[in-house]
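Chains as they are written, first to last, in the working numbering: chain A, 5 to 314; chain B, 122 to 535; chain C, 81 to 373.
By construction, the Cβ of each residue, glycine as well, lies at the ideal position given by its N, Cα and C atoms.
Nothing here was measured: the structure is a model prediction, and the numbers come from that model.
Please read the structure below before turning to the comments.
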């Protein structure tokens, strides 16, 4: 009792031990419940609300006249939406693949007992700390043929050098990939680095003694053990790809034409600038379905795996 | 959860006290650049002299798109600003929702009906009720040309389509960029505005852009409009995509490019660069649109606030409409007053010309709302047309496809 | 023979090592370039920027753009610079990070050491908060903030950031505490220690690495937030990112790129400092299980 008296919530001297025990039993749930309640309302409630809006005739603000599946059929008849989906497929797959490869590669390189790791690591990581509102102008300059990389390389004497992707409607989406990789690959590297550092060295030593080549050791022993890191990286990158918004706005604002439209920019513009909130909500529902199809299996695995501690 | 709610309510009660005071206006706007902010500061000074303090709520970006998102959140939360800068059909859309204030008493007292052009009133009144105070009128069918290049090549000011094309060709042949342009949807649309008017004339503009008549949208004339857009595209440099309009103006100012098609706000860029109208640069109506004025007008839309804050709101509306402010503001901003009875003494030659044009077009009934700036059709339609115009301008559609897509897009957005 | 190999690093030849360094330095340059462009151009006079070599070092060094961005740039009607908004951001970020971290730690503790039926389901449901696209919550959130009477205030923004940070903070702490020996908790329970006491005396002291990860994560997310800031703040609570946006994306007039870059670096400074100072702990924290599946 005396020991417990420091914990104000549980130390009412007038409580009998049995009441206290019962309170102790309830306390964990009580602590968890506010968090769970706000998430129920602010995540699931809002998702339900969006789902409902997608069946209404909402334009400038939510209204509640039901129109059935009309917004969905409208949505799939809009050329821009198809373009947004196509772009997401291109952007998403390149972004995930390049970030994963680059992140893994850098992590392996950085794991070779590099002098100056303490300097290099924050350099690879810092882009994660900056939003595109901050770096957007710099990127735009960089990719602009008139003042950016093309201009600079040409002024170094390589006159025929061309890099005008951002102005080219078939290539512009790849500039978005370049900037997105810049931002996220360092974080992926950190995840892989953490994974690498967690691997048991004995097996590697044994393999070395057996005379296995470095390449073989990585391919056969180390990389297969990074499974969880790959999975986490995939989930983080996939949902970032679907949610990508800032960077498109900062780099191209969806242009040239509408060549770099993504689902998130589409959803924002229909909901907030085109006064077609119903269509915007329908596109949001599609986005949510895409996200859920990636996330739910992951969450399931996460919850399963965590059941017995580790 | 309950505790949070209670806490929130208590906090709110404490916090919202100052905001409920009678003598404050909170103004949501996107005039954040130096010249614009200086112009707005005139209003702030006027109000503060009258004991009304100004709470600034600037939200820049995308010609007000960001600000409109913020406005939705504010209105949904039941916490609208006193006044919001707004354009064209957006005003009417908000009026439909019944969240705007009624300014009729003030309008009657100050006789706004008589001094504001009818074409503007179409956006400042909803079902007979004054809901907004117009600040300025911009006109979009202007061409800005580098006078030195014109002189050097001994070119005349073009007056019709053919002479425009031959002039641009001559400029291009001399090694300049003929047409300075920034590849952003609204800039493409600004050119489209003028080309529709020049190609089809006022009646066609009315039918296609304002009445959204499918026959006009799908007509041979519209095909010609797109062909002409394609012609103009040929005079733009390769590096145009994403360029801001003021950088395009800079190309004309620096003598890199011959001309730019842009609204009269471009004048400020030329004047800031120390250029003299008539000497260093020329401004003339887009060839084929002489006599018509295509306008957009910034207005301060007043939101319904209940009893609190109404006095300050009325004071602000009155200050916006005072001839002295309209003159002072527009001299700084480069636009012309929304009232037709403001003395033109303080304006430069371009400004006086703009005021005369506006008055004349108002008399003659040739004052048309600009499609590109949301004064011809609601946001959904406007953006749907943007999509087609910009896709065509970027070479994704040929002219035939563009016409088909235009009809389809407008129908889909209505 | 492999005595010196303490971690996963393999033996490499001299040539190989040179190649590794070359690659690492090449990528370091790639990552640094945008920051370099911003820094270099923020100390040039505007004329020098117009001449057009964005990578050139300044010929004439000037600190003026920084002073302007901080204290006298035109952000709205008032020429206040970014300074007042910097303070607003701090006042939002600090409580939001603190509350969400504390709640995340408690949640993680409950979910791993006080398992009850359905705990895993609840955790799974809570994770969705990490993945929801923020654009869809704007309107209903505005409605709720209005109903609570905290629309347009700092408290509203803090609430929003706490809610959407909870998923991550709970995930981080849960995974970290899952690896913590449950026997210690059991033993303390038998000794009669209560819920909070066990947390404070046994788990908290060894939570250093994961607290660092969580704080870095939350700090950068909340500090960099623009969408919520612009939608739910009013004139008195506008955060730094919104002011920066007003500074750099104003629609007309002369663009003072040097001031824009100086402002951008100023806005990024706190997160940069946090990353540089604690980057080492970040990887350590990740190793400790924050992101592992």
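Inter-residue Cα distance where the pair is residue i and residue j
| i | j | result |
| --- | --- | --- |
| residue 365 (chain C) | residue 202 (chain C) | 24 Å |
| residue 422 (chain B) | residue 361 (chain C) | 52 Å |
| residue 458 (chain B) | residue 228 (chain C) | 42 Å |
| residue 404 (chain B) | residue 386 (chain B) | 12 Å |
| residue 497 (chain B) | residue 209 (chain B) | 8 Å |
| residue 184 (chain C) | residue 171 (chain C) | 20 Å |
| residue 218 (chain A) | residue 102 (chain A) | 23 Å |
| residue 73 (chain A) | residue 291 (chain B) | 55 Å |
| residue 487 (chain B) | residue 323 (chain B) | 7 Å |
| residue 522 (chain B) | residue 516 (chain B) | 11 Å |
| residue 217 (chain B) | residue 247 (chain B) | 8 Å |
| residue 192 (chain B) | residue 247 (chain A) | 23 Å |
| residue 318 (chain C) | residue 302 (chain C) | 13 Å |
| residue 199 (chain C) | residue 282 (chain C) | 22 Å |
| residue 85 (chain A) | residue 238 (chain A) | 25 Å |
| residue 492 (chain B) | residue 310 (chain B) | 8 Å |
| residue 308 (chain C) | residue 36 (chain A) | 25 Å |
| residue 238 (chain C) | residue 198 (chain B) | 16 Å |
| residue 298 (chain A) | residue 51 (chain A) | 17 Å |
| residue 105 (chain A) | residue 369 (chain B) | 41 Å |
| residue 345 (chain C) | residue 119 (chain C) | 7 Å |
For residue i, the residue or residues it bridges with in DSSP
| i | result |
| --- | --- |
| residue 267 (chain B) | B:402 |
| residue 362 (chain B) | B:304 |
| residue 358 (chain C) | According to DSSP, which records beta bridges pairwise, residue 358 (chain C) is partnered with nothing at all. |
| residue 417 (chain B) | B:259 |
| residue 254 (chain B) | B:421 |
| residue 489 (chain B) | B:415 |
| residue 179 (chain B) | B:150 |
Member of the options whose CA lies at the smallest distance from the CA of residue i
| i | options | result |
| --- | --- | --- |
| residue 374 (chain C) | C:186, C:350 and C:355 | Look at the range of chain C in this structure, 81 to 373, and you will see that residue 374 (chain C) is not part of it. |
| residue 278 (chain A) | B:505, B:335, B:256 and B:170 | B:505 |
| residue 149 (chain C) | C:159, C:140 and C:137 | C:159 |
| residue 195 (chain A) | A:165, A:253 and A:125 | A:125 |
| residue 427 (chain B) | B:212, B:191, B:176 and B:222 | B:222 |
| residue 226 (chain C) | C:111, C:322 and C:311 | C:311 |
| residue 535 (chain B) | A:142, A:58 and A:63 | A:63 |
| residue 110 (chain A) | C:105, C:307, C:309 and C:298 | C:105 |
| residue 536 (chain B) | B:224, B:519 and B:472 | As displayed, chain B neither begins before 122 nor continues past 535, which places residue 536 (chain B) out of reach and without an answer. |
| residue 130 (chain C) | A:121, A:122 and A:145 | A:145 |
| residue 44 (chain A) | C:243, C:285, C:298 and C:305 | C:243 |
| residue 177 (chain A) | A:90, A:159 and A:191 | A:90 |
| residue 227 (chain B) | B:345, B:418, B:178 and B:434 | B:434 |
| residue 235 (chain A) | A:117, A:71, A:301 and A:58 | A:301 |
| residue 239 (chain B) | B:525, B:493, B:481 and B:396 | B:481 |
| residue 257 (chain B) | B:501, B:444, B:492 and B:513 | B:444 |
| residue 312 (chain B) | B:244, B:271, B:520 and B:349 | B:349 |
| residue 187 (chain C) | A:40, A:282 and A:158 | A:40 |
| residue 275 (chain B) | B:474, B:169, B:366 and B:379 | B:379 |
| residue 464 (chain B) | B:471, B:478, B:456 and B:447 | B:447 |
Whole-number beta carbon distance between residue j and residue i, since they are thought to touch under 8 Å
| i | j | result |
| --- | --- | --- |
| residue 408 (chain B) | residue 279 (chain B) | 5 Å |
| residue 99 (chain A) | residue 184 (chain A) | 5 Å |
| residue 258 (chain A) | residue 252 (chain A) | 6 Å |
| residue 272 (chain A) | residue 215 (chain C) | 5 Å |
| residue 306 (chain C) | residue 295 (chain C) | Rounded, the Cβ-Cβ distance is 21 Å, inconsistent with contact. |
| residue 320 (chain B) | residue 288 (chain B) | Not a contact, Cβ separation roughly 17 Å. |
| residue 381 (chain B) | residue 265 (chain B) | 5 Å |
| residue 511 (chain B) | residue 415 (chain B) | 19 Å between Cβ atoms; not a contact. |
| residue 263 (chain B) | residue 384 (chain B) | 6 Å |
| residue 131 (chain A) | residue 190 (chain A) | 6 Å |
Proximity test, residue i beta-carbon vs the ligand FMN heavy atom, cut-off 8 Å
| i | result |
| --- | --- |
| residue 252 (chain C) | Looking at this structure, you won't find the ligand FMN or any other ligand, since it has none at all. |
* Asked: Unbroken alpha helix (DSSP H) runs of length 4 or more, entirely within the segment 148 to 197 of chain A: which are they?
  -> 153 to 159
* Asked: Counting only runs that start and end within the segment 117 to 194 of chain C, where is the beta strand (DSSP E) found for 3 or more residues in a row?
  -> none
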